[in-house]
Amino acid sequence: MGSKSAQKAARVSGRRQKRSTSIRSKVKTDIAKAEKLISGGEMEAAQEAVTTAVRVLDKAAGKKKLHANNASRRKSRLLKKLNKAKAQPKSKTEPEKAA
10 MGSKSAQKAA RVSGRRQKRS TSIRSKVKTD IAKAEKLISG GEMEAAQEAV
60 TTAVRVLDKA AGKKKLHANN ASRRKSRLLK KLNKAKAQPK SKTEPEKAA
């Protein structure tokens, strides 16, 4: 079964893995929520969701659960989507009639 120190290292590794998994899962969930709101066109709610997702990404990177560059890349992509959606003109619900 290995030495005592190897057994302890395995237990510690298991605990860390559970903690990391829950944090990474939260990151993915928050990003997915934000992307869904962006694609749905709900800009106010999307802005709040993006802010939350960015905060969670920063925390995960600070705790070394995600690599800093990975968190940065995800934030950049998310903000890019939000800004692109904000810049697009709102589609009209009624088509214009030709004269």
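Here our numbering is used: the first residue of the sequence shown is 10, the next is one more, and so on. Glycine residues also receive a C-beta, built at the ideal position from the N, C-alpha and C atoms.
- Taking 8 Å as the cut-off, the beta carbon of ALA70 is found closer than this to the beta carbon of ALA80.
- In the displayed model, LEU75 falls within coil according to three-state DSSP, outside both helix and strand.
- Annotation: the continuous alpha helix (DSSP H) that includes GLY49 extends over 13–49.
- At a Cβ-Cβ threshold of 8 Å, LEU91 and ILE40 do not count as neighbours.
- In the three-state DSSP reduction, MET10 falls in the coil class, being neither helix nor strand.
- Residue environment: ARG83 is assigned as buried (16 or more neighbouring CB atoms within 10 Å of its CB, all protein chains considered).
- For GLN56, the three-state secondary structure derived from DSSP is helix.
- About 6 Å separates the beta carbon of LYS95 from that of MET52, a gap short enough to meet the 8 Å contact definition.
- Distance from the CA of LYS27 to the CA of GLN97, rounded to the nearest whole angstrom, comes to 41 Å.
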